[in-house]
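A.B. asks:
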Amino acid sequence: MRATVGEVSDALEKVFGRYRANPQAVSGVYGAVVEEQEDWKALKADIEAFIAEEGRRPRIMIAKLGQDGHDRGAKVVASAFADLGFDIDIGPLFQTPEEAARHAVENDVHAVGCSSLAAGHKTLVPAIINELKRLGGDDIITFVGGVIPAQDYDALYAAGAKGIFGPGTPIQKAAREVLAQIRAARPAA
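Dropping the structure here:
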């Protein structure tokens with residue numbers, strides 16, 4: 001008897017199901033190191049003010065789109081944002097832009113952070129922005145983190161990205177900019 005790898009994989013999936021990782025942010029680690037820094041305290045106070053204004057925490061989904069499985073940096077950012085007071089959703093690895101946009105709209109996030117280390121950002125980021133619009137998520141901002149060549153920034157901004165954060169960007173700087181963009185995107189009361 002002969003079988004291809006795909007046929008064997010299909011047979012195993014029918015019996016055992018497909019593995020689904022459940023990525024989660026770890027809280028308390030990043031914040032414990034920086035909690036006495038004045039800029040951290042000021043940013044936490046600003047997030048508390050947002051919560052008082054909006055009646056809920058700023059909510060962000062971290063998305064790993066396409067075939068990019070490098071998620072350590074995304075998890076560090078998610079954990080730090082959670083320590084600041086953001087409500088964080090971490091999407092599963094290898095989502096399509098359509099899946100991630102649907103997840104974002106269904107979970108009523110304020111922003112989607114697309115993490116890219118595998119050069120898919122030029123097609124995947126515009127695709128998720130377009131899908132968010134198609135699904136009625138026009139007010140959901142998109143920002144990009146990871147290894148993004150400087151020559152790609154203009155195209156990503158033109159596609160609708162509201163922020164690009166490369167390696168070495170201080171967490172507080174990124175969080176402050178994301179919070180400002182979330183506020184700017186909120187409908188006027």
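Residues 1 to 189, numbered by full-length UniProt numbering, are exactly what the sequence shown covers, in order.
Beta carbons are placed, not taken as given, at the ideal position from N, Cα and C, and that holds for glycine.
1) Going by other Cβ atoms of all chains shown within 10 Å of its Cβ, with 16 needed for buried, is serine 116 buried or exposed?
2) Based on Cα-Cα distance, which residue from Glu54, Lys75, Gly85 and Ile51 lies nearest to isoleucine 62?
3) Assuming leucine 65 and proline 97 are in contact, meaning their beta carbons sit under 8 Å apart, how far apart are those beta carbons, in whole angstroms?
4) Report the start-end ranges of each beta strand (DSSP E) in the UniProt domain "B12-binding" (57-189) that is 3 residues or longer and not cut off at the edges.
5) Taking DSSP as the reference, what is the three-state secondary structure of serine 9?
6) Tell me the residue span of the alpha helix (DSSP H) that contains glutamate 53.
7) Determine, using beta carbons only, whether glycine 85 and lysine 133 come nearer to each other than 7 Å.
8) Where glycine 28 and threonine 169 are concerned, what is the direct C-alpha to C-alpha distance, given to the nearest angstrom?
9) For valine 33 and glycine 166, I'd like the C-alpha separation in whole angstroms.
10) Note the first and the last residue of the continuous alpha helix (DSSP H) segment covering alanine 32.
11) One question on the structure: do alanine 111 and isoleucine 141 come within less than 7 Å of each other, judged by their Cβ atoms?
12) Below 8 Å on the Cβ atoms is my contact criterion, and I expect isoleucine 164 with valine 144 to pass it. Report the Cβ-Cβ distance as a whole number of Å.
13) I'd like to know whether the C-beta atoms of alanine 78 and isoleucine 90 end up nearer to each other than 7 Å.
14) Can the beta-carbon of aspartate 87 be found closer than 7 Å to that of arginine 59?
C.D. replies: Let's see:
1) In the sequence shown, residue 116 corresponds to position 116, counting from 1. So serine 116 counts as buried.
2) As a working note, residue 62 is residue 62 in the sequence shown. For isoleucine 62, the closest alpha carbon among the candidates Glu54, Lys75, Gly85 and Ile51 is that of Lys75.
3) One-based indexing of the sequence shown puts residue 65 at position 65. One-based indexing of the sequence shown puts residue 97 at position 97. That belief holds up - the Cβ atoms of leucine 65 and proline 97 are roughly 6 Å apart, short of 8 Å.
4) 59-64, 87-90, 111-116, 141-146 and 163-165
5) Your numbering for residue 9 matches position 9 in the sequence shown. DSSP places serine 9 in helix when its eight states are reduced to three.
6) By 1-based counting over the sequence shown, the position of residue 53 is 53. Start and end: 38-54.
7) Mapped onto the sequence shown, residue 85 falls at position 85. Mapped onto the sequence shown, residue 133 falls at position 133. Not a contact, by the Cβ cut-off of 7 Å.
8) As a first step, residue 28 must be located in the sequence shown, where it is residue number 28. As a first step, residue 169 must be located in the sequence shown, where it is residue number 169. If you take the alpha carbons of glycine 28 and threonine 169, they lie about 20 Å apart.
9) Position 33 of the sequence shown holds residue 33. Position 166 of the sequence shown holds residue 166. Answer to the nearest angstrom: the Cα atoms are 22 Å apart.
10) Along the sequence shown, one-based indexing puts residue 32 at 32. Residues 29-34.
11) On the sequence shown, residue 111 is found 111 positions in, with the first residue counted as 1. On the sequence shown, residue 141 is found 141 positions in, with the first residue counted as 1. Yes.
12) Here residue 164 is taken as the residue at index 164 of the sequence shown, counted from 1. Here residue 144 is taken as the residue at index 144 of the sequence shown, counted from 1. Contact holds; Cβ gap of about 5 Å.
13) On the sequence shown, position 78 is the one that residue 78 refers to. On the sequence shown, position 90 is the one that residue 90 refers to. Contact: yes.
14) What you label residue 87 is simply residue 87 of the sequence shown in a count that begins at 1. What you label residue 59 is simply residue 59 of the sequence shown in a count that begins at 1. Result yes, Cβ atoms of aspartate 87 and arginine 59 sit closer than 7 Å.
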